[in-house]
Amino acid sequence: MTDLEFDILDELYFVKSFADLQKDFPTFGTKLISELEKLIIKGWIRVLDEHDNEIQLSNEKFNSIESQFKFIATKQGLKAHNQV
């Protein structure tokens, strides 16, 4: 687990919007999107829509993570985070 993955998971113990994550990690820009993609692929975070329904992102959507999306760590992600 990278330091950035650890820090992102640390922020996602509770639901957080993409906009809030951008505020928390202002210097990462597009790297934040690629890190979120990695965490989604690993199954460590879930993506939620504006109504808190889980959604599956296709490869096309990865390239355009939208500001209305929200994220939360999965049980698997929290376990990985706590083992570090």
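The sequence shown maps to residues 1 to 84 in my numbering. Glycine residues also receive a C-beta, built at the ideal position from the N, C-alpha and C atoms. Owing to the predicted nature of the structure, the values given are computational and were not obtained by experimental measurement.
Residue i, DSSP secondary structure in three states
| i | result |
| --- | --- |
| F6 | helix |
| F69 | coil |
| L36 | helix |
| L48 | strand |
Beta-carbon contacts of residue i that lie in its chain and below 8 Å, excluding the five residues immediately before and after
| i | result |
| --- | --- |
| G43 | T74, Q76 and G77 |
| F28 | L4 and E35 |
Residues near residue i in its chain [Cβ-Cβ closer than 7 Å; skip 5 each side]
| i | result |
| --- | --- |
| M1 | A80 and V84 |
| F25 | L32 |
Cutoff 6 Å; reference residue i; Cβ partners in own chain excluding five residues on either side
| i | result |
| --- | --- |
| I72 | L12, V15 and R46 |
| S17 | K70 |
Proximity below 8 Å, CB of residue i to CB of residue j
| i | j | result |
| --- | --- | --- |
| L32 | L39 | no |
| E54 | E35 | no |
| D52 | F69 | no |
Best match in the options for proximity to residue i [C-alpha to C-alpha]
| i | options | result |
| --- | --- | --- |
| I41 | Q56, D10, F28 and E50 | Q56 |
Exposure of residue i, with buried meaning 16 or more beta-carbon neighbours within 10 Å
| i | result |
| --- | --- |
| K23 | exposed |
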